[in-house]
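Chemist: Dumping the structure here so I can ask a few things about it.
Number of protein chains: 2
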Amino acid sequence: MARVTERRRTVRLQGPSRSARPDSLAAEEPLEIRINGTALTVSMRTPGHDFDLVAGFLVAEGLVAGLDQLTALRYCAGAADEGGNSYNVIDATLPHRAAAPATLHRNLLTSSACGICGRETIEAIRTRVPHDLTADRLRITPDTLYGLPDKLRAAQAVFDATGGLHAAGLFTADGRLLCLREDVGRHNAVDKVVGWALREGLLPLHGQVLMVSGRASFELTQKAAMAGIPLLAAVSAPSSLAVDLAEELGLTLVGFLRNHSANVYTSAERILEPAAQQG
Amino acid sequence: MARVTERRRTVRLQGPSRSARPDSLAAEEPLEIRINGTALTVSMRTPGHDFDLVAGFLVAEGLVAGLDQLTALRYCAGAADEGGNSYNVIDATLPHRAAAPATLHRNLLTSSACGICGRETIEAIRTRVPHDLTADRLRITPDTLYGLPDKLRAAQAVFDATGGLHAAGLFTADGRLLCLREDVGRHNAVDKVVGWALREGLLPLHGQVLMVSGRASFELTQKAAMAGIPLLAAVSAPSSLAVDLAEELGLTLVGFLRNHSANVYTSAERILEPAAQQG
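If you read the sequences in order, they're chains A and B.
Counting in my numbering, the first sequence runs from 1 upward without gaps.
Counting in my numbering, the second sequence runs from 280 upward without gaps.
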């Protein structure tokens, strides 16, 4: 089975000097996802927690909302060059979804009228999100929020080795880390966290906080919402469409969370006032 | 037409203080790409240089190798909510490619045997790259290489406003910036640079250098190779599969290019020895 990191030789340049040395790199391998035996998509990911990745992907795509809708996940044994299993093909058994691939393609090209725009994209997601995030009673103190980046970073084992992975972490409202996943793709790291929660029977993730390294895109906001998460925090900037989607759904979107400061773009009422912290 | 940045209100938290203020965000909007009238894909991007983006995407997918294979690019006028053009749908006219979408899907799912693995993925790309990168005579000094990150960063207008965009820059062997593009997606920024080169009649980009913010993935390495670029440099880490693909193709892959140092993972002979710099 593929490893999370791999060693490669490198020539290290530093000012005028040059030396050969080995380097640890984040592994990247293709993963094919099949539903009921039919190939759906191939994408690149860092091997490890693959069942979580597939489960979370299915939640984000609206194909699975609970454990009862996912009968089985298995590596497809078969014809790698050397006759062994490449562990890069996973088949998901969905009892009520024989025709899932076609459905997904329809979603992907849902707005094929000429007028495709952010507004329509948001509307399409809004109708698919099975949770009312506006009703979520999560409250979090600024200090708890400020503490999340260090906790995320401290738990990133593979980043330490390679200097190159994205991370997603699921936290409780009082800042306890429930699950951390790393991947070359930020969206994969989020899928792995959500898939872990599904397989643990924890969905929807009401009252929880998702923290990601890097930026907050439309896609990550969508994934958080599909899992029922009321607060998405990012180390770096959100995009305009991420903010618009969060606004529409009642999800709290926090950006630039670093150095004991943050920007709250939507539903700021979930961040307690300092007075309330003390009282 | 959509703008590259958009303003949103934000609540700024800093230590115990809280204040309302506006913030500039990188715009993100869906873009649907059609080929000869048939929808191929919808993805998120930062508006701006859209024709470059589509042209570069078509080069990366192996559908277009020269200007003569791309008859026209046009925004599909049509049915936005308000009856105007959303500028989010582009139709590409490819004279020899009536059936392009099916071809692309085949490529995407090319290895649907159970043994899909990085090795096979690399082999699939190798057969598609129309350039012999091993024959490229590019040579670059370490000092020129060390100077690229600052030049890239200095040219990033939108990043300065939003703190949140990826960039790709095309440089000559002596470090002159030819083209810089920014986007919420790093792969889009690269597509925009390559598409610019195609539309300027500059492909293939022999002897040139591509520099990207962030990491170097398999996908970015593939895009560089499809454009004939012999050297890809990244501010951060490459993945294992990016290194393996670069090795196979004879492309020079440079990572961790910052603070007057760098790691050269493949084809290091293109980086001149310091002695050669002085002579």
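The C-beta atom is built at its ideal place from N, Cα and C for all residues, glycine as well.
Let me check understanding here. Comparing Cα to Cα, which of 303(B), 290(B), 372(B) lies closest to residue 239(A)?
Modeler: For the residues 303(B), 290(B), 372(B), the minimum Cα distance to residue 239(A) belongs to 303(B).
Chemist: If you draw a straight line from the C-alpha of residue 471(B) to the C-alpha of residue 339(B), how long is it?
Modeler: Between residue 471(B) and residue 339(B), the C-alpha separation is close to 11 Å.
Chemist: Is any beta-carbon of chain A found at less than 8 Å from that of residue 550(B)?
Modeler: Yes, residue 550(B) counts as interfacial toward chain A.
Chemist: So with CB distances below 8 Å, who are the chain A contacts of residue 324(B)?
Modeler: By Cβ distance, chain A contributes nothing, its closest Cβ being about 10 Å from residue 324(B), past 8 Å.
Chemist: Compare the beta carbon distance of residue 494(B) and residue 513(B) with 8 Å and say whether it is the shorter of the two.
Modeler: Yes, they are a contact pair.
Chemist: Can you give me, in chain order, the residues of the segment 212 to 230 of chain A that have a beta carbon less than 8 Å from any beta carbon in chain B?
Modeler: Listed by position along the chain: 215, 217, 218, 219.
Chemist: Quick one: grab the DSSP three-state call for residue 292(B).
Modeler: Residue state, collapsed to three classes: strand.
Chemist: Using the Cα positions of residue 444(B) and residue 324(B), report the straight-line distance between them to the nearest angstrom.
Modeler: Roughly 11 Å between the two C-alpha positions.
Chemist: Thinking just about the alpha-carbon of each residue, which of 356(B), 368(B), 299(B), 308(B) is nearest to the one in residue 333(B)?
Modeler: Of 356(B), 368(B), 299(B), 308(B), the residue nearest in Cα terms is 368(B).
Chemist: Given that a residue counts as buried once 16 or more other Cβ atoms are within 10 Å of its Cβ, and exposed if not, what is residue 50(A)?
Modeler: Classification of residue 50(A): buried, given that the 10 Å Cβ count is 16 or more.
Chemist: If we count Cβ pairs, one from each stretch, closer than 8 Å, do we get three or more for the segment 537 to 547 of chain B versus the segment 450 to 468 of chain B?
Modeler: The answer is no - the segment 450 to 468 of chain B does not touch the segment 537 to 547 of chain B, with fewer than three Cβ pairs under 8 Å.
Chemist: Determine the burial state of residue 375(B): buried for a count of at least 16 other Cβ atoms within 10 Å of its Cβ, exposed for fewer.
Modeler: Exposed.
Chemist: Please report how far the alpha carbon of residue 497(B) lies from the alpha carbon of residue 230(A), in whole angstroms.
Modeler: In a straight line, the C-alpha of residue 497(B) is about 33 Å away from that of residue 230(A).
Chemist: Residue 159(A): which of 189(A), 173(A), 136(A) sits nearest, CA to CA?
Modeler: It is 189(A).
Chemist: On a Cα-Cα basis, can you pick out the residue from 551(B), 539(B), 296(B) that is closest to residue 427(B)?
Modeler: The residue with the shortest Cα to Cα distance from residue 427(B) is 539(B).
Chemist: Hey, out of 288(B), 293(B), 308(B), whose CA is closest to residue 300(B)'s CA?
Modeler: When only C-alpha atoms are compared, the closest one is 288(B).
Chemist: Counting only beta-carbon separations shorter than 8 Å, does residue 108(A) have a partner in chain B?
Modeler: Confidence at residue 108(A) is low in this model, with a pLDDT of 44, below 50, so its placement is unreliable and no value can be given for it.
Chemist: Under 8 Å between beta-carbons, which chain B residues line up against residue 282(A)? List them in chain order, please.
Modeler: Absent from the structure is residue 282(A), since the part of chain A shown begins at 1 and ends at 279.
Chemist: Counting C-beta neighbours from all protein chains within 10 Å, is the total for residue 390(B) 16 or more, i.e. buried, or is it exposed?
Modeler: The predicted model places residue 390(B) with a pLDDT of 39, which falls under 50 and marks its position as unreliable, so this point remains unresolved.
Chemist: So with CB distances below 7 Å, who are the chain B contacts of residue 148(A)?
Modeler: None at all; the shortest Cβ gap to chain B is about 13 Å.
Chemist: Using a threshold of 8 Å, state whether the C-beta atoms of residue 210(A) and residue 170(A) are closer than that.
Modeler: Contact: yes.
Chemist: Consider the Cβ of residue 302(B): report whether some Cβ of chain A lies at a distance smaller than 8 Å.
Modeler: Chain A, which has a Cβ nearer than 8 Å to the Cβ of residue 302(B), makes this yes.
Chemist: What are the residues that DSSP puts in a beta bridge with residue 43(A)?
Modeler: DSSP output for residue 43(A) lists 31(A) as bridge partner(s).
Chemist: When we look at the beta-carbon of residue 326(B) and count the other beta-carbons within 10 Å, is it buried (16 or more) or exposed?
Modeler: By the neighbour-count rule (16 or more Cβ atoms within 10 Å), residue 326(B) is buried.
Chemist: Can you list, in chain order, the residues of its chain with a C-beta nearer than 8 Å to that of residue 73(A)? Leave out the 5 residues immediately preceding and following it.
Modeler: 51, 54, 55, 90, 91, 92, 93.
Chemist: For the ligand PLP, any of its heavy atoms closer than 7 Å to the Cβ of residue 133(A)?
Modeler: No copy of the ligand PLP occurs in the structure displayed, which carries no ligand at all.
Chemist: Going straight from the alpha carbon of residue 425(B) to that of residue 452(B), what length do you get?
Modeler: Cα to Cα, residue 425(B) sits roughly 12 Å from residue 452(B).
Chemist: Taking Cβ positions, are residue 430(B) and residue 454(B) nearer each other than 8 Å?
Modeler: Yes, they are a contact pair.
Chemist: State yes or no: is the C-beta of residue 43(A) within less than 8 Å of the C-beta of residue 58(A)?
Modeler: No; because the gap between Cβ atoms is not below 8 Å, this pair is not in contact.
Chemist: Give me the Cα-Cα distance between residue 140(A) and residue 197(A), rounded to the nearest whole angstrom.
Modeler: Residue 140(A) and residue 197(A): Cα-Cα distance of roughly 21 Å.
Chemist: Expressed to the nearest angstrom, what Euclidean distance is found between the alpha-carbon atoms of residue 442(B) and residue 433(B)?
Modeler: Computed Cα separation, rounded: 13 Å.
Chemist: Give the secondary structure of residue 411(B) by DSSP, where H, G and I count as helix, E and B as strand, and everything else as coil.
Modeler: The answer is coil: DSSP assigns residue 411(B) none of H, G, I, E or B.
Chemist: Anything in chain A within Cβ reach of residue 306(B), meaning under 8 Å, just list it in chain order.
Modeler: The answer, in chain order, is 239, 240, 241.
Chemist: What does DSSP give as the partner residues of residue 68(A) in its beta bridges?
Modeler: Note: residue 68(A) sits in no beta bridge, so no partner.
Chemist: Nearest to residue 220(A) by CA position, among 144(A), 133(A), 168(A), is which residue?
Modeler: Ranking 144(A), 133(A), 168(A) by Cα distance to residue 220(A) puts 168(A) first.
Chemist: Between residue 135(A) and residue 228(A), what straight-line distance do the alpha-carbon atoms span, to the nearest angstrom?
Modeler: Those two C-alpha atoms are separated by around 11 Å.
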